[in-house]
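> Count along the sequence shown from 1, then add 1; that gives the number in the numbering used here. Think of the CB as a built atom: it goes at the ideal place given N, C-alpha and C, for glycine as much as any other residue. Here the structure is a predicted model, which means the values were calculated and not measured. Just passing along the structure, written as structure tokens.
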Amino acid sequence: MALGGGTFTVQNKVLPGAYINFVSLATATATLSDRGYATMPLELDWGIEGEVFEVTNADFQKNSMKIFGYDYTSEKLKGLRDLFKNITTLFAYRLNGDGVKASNAFATAKYAGTRGNDIKIQIQVNVDDDSLFDVNTYLGTVMVDSQTVAKAADLVANDYVTFKSSAELSSTAGTPLEGGTNGNVTGTNHQAYLDKIESYSFNAMGVVTTENTIKSLYDAFCKRMRDEVGAKFQVVLYNKASDYEGVINVKNKTTDEGWSEASLVYWVTGISAGCAVNKSNLNKVYDGEFAINVDYTQTQLTKAIQAGEFTLHQVGDDIRVLEDINSLVTETETKAYIFKDNQTIRVIDQIANDIAVLFNTKYLGAVPNDEAGRISLWADIVKHHEQLQDIRAIENFTDEDVKVSQGDTKKAVVVQDAVTVVNAMAKLYMTVTVM
2 MALGGGTFTV
12 QNKVLPGAYI
22 NFVSLATATA
32 TLSDRGYATM
42 PLELDWGIEG
52 EVFEVTNADF
62 QKNSMKIFGY
72 DYTSEKLKGL
82 RDLFKNITTL
92 FAYRLNGDGV
102 KASNAFATAK
112 YAGTRGNDIK
122 IQIQVNVDDD
132 SLFDVNTYLG
142 TVMVDSQTVA
152 KAADLVANDY
162 VTFKSSAELS
172 STAGTPLEGG
182 TNGNVTGTNH
192 QAYLDKIESY
202 SFNAMGVVTT
212 ENTIKSLYDA
222 FCKRMRDEVG
232 AKFQVVLYNK
242 ASDYEGVINV
252 KNKTTDEGWS
262 EASLVYWVTG
272 ISAGCAVNKS
282 NLNKVYDGEF
292 AINVDYTQTQ
302 LTKAIQAGEF
312 TLHQVGDDIR
322 VLEDINSLVT
332 ETETKAYIFK
342 DNQTIRVIDQ
352 IANDIAVLFN
362 TKYLGAVPND
372 EAGRISLWAD
382 IVKHHEQLQD
392 IRAIENFTDE
402 DVKVSQGDTK
412 KAVVVQDAVT
422 VVNAMAKLYM
432 TVTVM
């Protein structure tokens, strides 16, 4: 069922759902959900086509050959290795899956893509029974499947090929599949991904692109999802000055040959999705595999912070995160400077997502909007916030900070909530008096 969600100005919503505003204080069974969920649209040489597919960290380490076509240690997968250093689950989508499947006289590759050209079918007469054939499938130099059959019709499709039942089996040292190609990537492919990923829940989305039109597409998607639909996540983009708390604007260029200069997005997406709600990525050491341009002066670093640019810089032998900030630059009465800090966004996104799930699953259409029902909702919100306070994500919270009342209609419930977000220490001002 489609549910309403997002922000509100007046109590005039039509769809049932949770509408939650976060604003700055004017100056002059509720449980915490897990983090570590990311999504990325990817250009791949192999893999599922036209669908979002889930890959856990364990899947990636154990089954990368089957899923992405390459061994875990392959140079081709170093972007994904950077990503998975800090996440538990990836919702992946292959952008270039509409290419051609490689094939030969015996089999067709399971997926389109250039990696299919590295598959070979080896056929030998069985040493124990010369009426049978041993049919082996190789990906590169690795045997990935072996079957002993009397005829091609007896072969069963494996993770890499489907066999042609009408083929005549005969001995071959290794017949390669040929003609596999990757599809072309256009804005249509990106839009197809966004249409499918809209129904998923995740903490961060990363897009490795230097094309301004594509970056603008994701910028607009993030704003619509956060402000109108109520899906709280951040999108990580390279060199995109969005001036919005939902967009993390990566400044540093990667310089690896054959890779996009936007490839730091992999790692930043991972740390953004995987960072705990009570932690910050401030001063985090880059432990990834790309060569990164960090040649900045102190003046340039200061300007980067002021411009809302997520920047890595050199500290001794390490490369570290300068500030865990998003692209928000313009301060308003409803979005003060604290909204520039990603730790703040993680906390308020946690609250929004958790309370929306709580309301939509426990209260929506099930609990009467009377005093007892509202007290129950109040108690669940208080319990949730107390958990945040226990892990030092918020502070100075009391149950008096949450007020639940009936809205303008019989079905509406209004919650007034106040939280003080804890941020990690970032600046030390010290005065030493020498006697």
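Would you call the CB atoms of valine 278 and alanine 380 closer than 7 Å?
On the sequence shown, residue 278 is found 277 positions in, with the first residue counted as 1. On the sequence shown, residue 380 is found 379 positions in, with the first residue counted as 1. Not a contact, by the Cβ cut-off of 7 Å.
> Identify every run of the alpha helix (DSSP H) within the segment 72 to 115, keeping only runs that are complete inside it and at least 4 residues long; order them along the chain.
Taking only runs of at least 4 residues, the alpha helix (DSSP H) segments lying wholly in the segment 72 to 115 are 79 to 85.
> Measure the CB-CB distance between aspartate 243 and aspartate 228 and report whether it falls below 7 Å.
In the sequence shown, residue 243 corresponds to position 242, counting from 1. In the sequence shown, residue 228 corresponds to position 227, counting from 1. The sequence shown places serine at residue 243, rather than the aspartate named in the question. Against a cut-off of 7 Å, the Cβ pair of aspartate 228 and serine 243 comes out as no contact.
> What residue does the beta strand (DSSP E) around aspartate 146 start on, and which one ends it?
The sequence position of residue 146 within the sequence shown is 145, counting from 1. Where aspartate 146 is concerned, the enclosing beta strand (DSSP E) stretches over 143 to 150.
> Express the C-alpha separation of valine 157 and glutamine 125 in angstroms, rounding to a whole number.
Looking up residue 125 in the sequence shown gives position 124. Looking up residue 157 in the sequence shown gives position 156. So the two alpha carbons sit approximately 17 Å from each other.
> Which two residues bound the contiguous alpha helix (DSSP H) that contains threonine 352?
If you number the sequence shown from 1, residue 352 lands on position 351. Note on residue identity: the sequence assigns isoleucine, not threonine, to residue 352. That run of the alpha helix (DSSP H) goes 343 to 359.
> What beta strand (DSSP E) runs, 3 residues minimum, are completely inside the segment 219 to 307?
Entirely contained in the segment 219 to 307, the beta strand (DSSP E) runs reaching 3 residues are, in chain order, 235 to 239 and 248 to 251.
> Keeping to the same chain, check which residues put their C-beta closer than 6 Å to that of glutamate 76; ignore five residues upstream and five downstream.
By one-based count along the sequence shown, residue 76 stands at place 75. There are no such residues.
> From the DSSP output, in three-state form, read off valine 416 for me.
Taking the sequence shown and counting its residues from 1, the one referred to as residue 416 is at position 415. Strand, per DSSP.
> Would you mind working out which of Ser406, Glu290, Asp160 and Glu246 sits nearest asparagine 343, comparing C-alpha positions?
Numbered from its first residue, the sequence shown carries residue 343 at position 342. Comparing Cα-Cα distances from asparagine 343 to each of Ser406, Glu290, Asp160 and Glu246, the minimum goes to Glu246.
> Less than 7 Å between the beta carbons of tyrosine 112 and valine 53, yes or no?
Start at 1 with the first residue of the sequence shown, and residue 112 comes out as number 111. Start at 1 with the first residue of the sequence shown, and residue 53 comes out as number 52. Cβ distance not < 7 Å, so tyrosine 112 and valine 53 don't count as in contact.
> Using CA coordinates, which residue listed in Arg375, Asp391 and Thr399 is at the minimum distance from lysine 411?
Residue 411 sits at position 410 when you count from the first residue of the sequence shown. If we check each option's Cα against that of lysine 411, Arg375 comes out closest.
> Can you give me the Cβ contacts of glycine 37 inside the same chain, cut-off strictly under 8 Å, excluding the 5 residues immediately before and after it?
Indexing the sequence shown from 1 puts residue 37 at position 36. Contacts found: Asn87, Ile88, Thr89, Thr90, Asn204, Ala274 and Gly275.
> I'd like the ranges of any beta strand (DSSP E) spanning at least 3 consecutive residues and lying wholly in the segment 363 to 417.
Listed in chain order, the complete beta strand (DSSP E) runs (minimum 3 residues) inside the segment 363 to 417 are 403 to 407.
> Could you compute how far the alpha carbon of lysine 216 sits from the alpha carbon of serine 200?
What you label residue 216 is simply residue 215 of the sequence shown in a count that begins at 1. What you label residue 200 is simply residue 199 of the sequence shown in a count that begins at 1. Distance between the alpha carbons of lysine 216 and serine 200 is about 21 Å.
> Could you give the distance in angstroms between the alpha-carbon of threonine 312 and the alpha-carbon of leucine 195?
As a position in the sequence shown, residue 312 is number 311, starting the count at 1. As a position in the sequence shown, residue 195 is number 194, starting the count at 1. Answer to the nearest angstrom: the Cα atoms are 27 Å apart.
> Since phenylalanine 164 is in the beta strand (DSSP E), which residue starts that stretch and which ends it?
Residue mapping note: residue 164 aligns to position 163 of the sequence shown, counting from 1. Start and end: 162 to 164.
> What did DSSP end up calling lysine 336 once you bin it into helix, strand or coil?
What you label residue 336 is simply residue 335 of the sequence shown in a count that begins at 1. Reduced to three states, the DSSP call for lysine 336 is coil.
> Distance, Cα to Cα, threonine 30 vs aspartate 155?
Here residue 30 refers to the residue found at position 29 when the sequence shown is read from its first residue. Here residue 155 refers to the residue found at position 154 when the sequence shown is read from its first residue. Any reading at threonine 30 is ruled out, since the residue's pLDDT is 48, under 50, leaving its predicted position unreliable.
> Between the Cα of phenylalanine 85 and those of Phe291, Gly271, Glu332 and Ser281, spot the shortest distance and give me the residue it belongs to.
As a position in the sequence shown, residue 85 is number 84, starting the count at 1. The shortest Cα separation from phenylalanine 85 among Phe291, Gly271, Glu332 and Ser281 belongs to Gly271.
> Run the CB neighbour count on threonine 432, radius 10 Å, all protein chains shown included, and call it buried at 16 or more, exposed below.
Working through the sequence shown from its first residue, we reach residue 432 at position 431. Answer is exposed; the Cβ neighbour count stays below 16.
> If distances are taken between C-alpha atoms only, which option among Ala292, Ile349 and Leu283 comes closest to arginine 321?
Stepping through the sequence shown from its first residue, residue 321 is reached at position 320. Of the candidates Ala292, Ile349 and Leu283, the one whose C-alpha sits nearest the C-alpha of arginine 321 is Leu283.
> Please classify aspartate 319 as buried or exposed, where buried requires at least 16 other C-beta atoms within 10 Å of its C-beta.
On the sequence shown, position 318 is the one that residue 319 refers to. Flag for aspartate 319 reads exposed.
> Report the residue from Lys224, Thr142 and His314 whose alpha carbon sits nearest the alpha carbon of lysine 121.
Along the sequence shown, one-based indexing puts residue 121 at 120. Cα-wise, what sits closest to lysine 121 is Thr142.
> Assuming glycine 181 contacts threonine 138 under a Cβ cut-off of 8 Å, what Cβ separation, rounded to an integer in Å, is found between them?
The count along the sequence shown starts at 1 and reaches residue 181 at position 180. The count along the sequence shown starts at 1 and reaches residue 138 at position 137. Actually they do not touch by this definition, with Cβ atoms about 15 Å apart.
> With DSSP as the reference, label methionine 426 as helix, strand or coil.
What you label residue 426 is simply residue 425 of the sequence shown in a count that begins at 1. Note: methionine 426 maps to coil in three-state DSSP.
> How big is the Cα-Cα spacing for leucine 429 and tyrosine 297?
As a working note, residue 429 is residue 428 in the sequence shown. As a working note, residue 297 is residue 296 in the sequence shown. Rounded to the nearest angstrom, the two C-alpha atoms are 22 Å apart.
> Do valine 162 and alanine 106 have their C-beta atoms closer together than 7 Å?
Your numbering for residue 162 matches position 161 in the sequence shown. Your numbering for residue 106 matches position 105 in the sequence shown. Against a cut-off of 7 Å, the Cβ pair of alanine 106 and valine 162 comes out as no contact.
> Which word fits valine 406, buried or exposed, when buried means at least 16 other C-beta atoms lie within 10 angstroms of its C-beta?
As a working mapping, residue 406 is identified with position 405 in the sequence shown. Note on residue identity: the sequence assigns serine, not valine, to residue 406. Under this definition serine 406 is an exposed residue.
> Counting along the chain, where does the beta strand (DSSP E) carrying alanine 205 start and finish?
The count along the sequence shown starts at 1 and reaches residue 205 at position 204. Start and end: 205 to 207.
> For a quick check, are the C-beta atoms of glycine 70 and aspartate 46 less than 7 Å apart?
Taking the first residue of the sequence shown as 1, we reach residue 70 at position 69. Taking the first residue of the sequence shown as 1, we reach residue 46 at position 45. It is a contact, given that the beta carbons lie within the stated cut-off.
> Is it a yes or a no for the segment 168 to 179 touching the segment 56 to 73, going by three-plus beta-carbon pairs under 8 Å?
Flag = no, the segment 168 to 179 and the segment 56 to 73 do not touch.
> Helix, strand or coil: which one does DSSP assign to glycine 188?
Here residue 188 is taken as the residue at index 187 of the sequence shown, counted from 1. Reduced to three states, the DSSP call for glycine 188 is helix.
> According to DSSP, simplified to helix, strand and coil, what is asparagine 58?
Counted from its first residue, the sequence shown places residue 58 at position 57. The answer is helix: DSSP assigns asparagine 58 an H, G or I state.
> Is the beta carbon of threonine 40 closer than 7 Å to that of isoleucine 198?
For the purposes of this step, residue 198 is taken as residue 197 along the sequence shown, with counting starting at 1. For the purposes of this step, residue 40 is taken as residue 39 along the sequence shown, with counting starting at 1. The answer is yes: Cβ separation under 7 Å.
> Do asparagine 183 and asparagine 97 come within 7 Å of each other at the CB atom, strictly closer than that value?
Within the sequence shown, residue 97 is the residue found at index 96, counting from 1. Within the sequence shown, residue 183 is the residue found at index 182, counting from 1. Cβ atoms of asparagine 97 and asparagine 183: closer than 7 Å.
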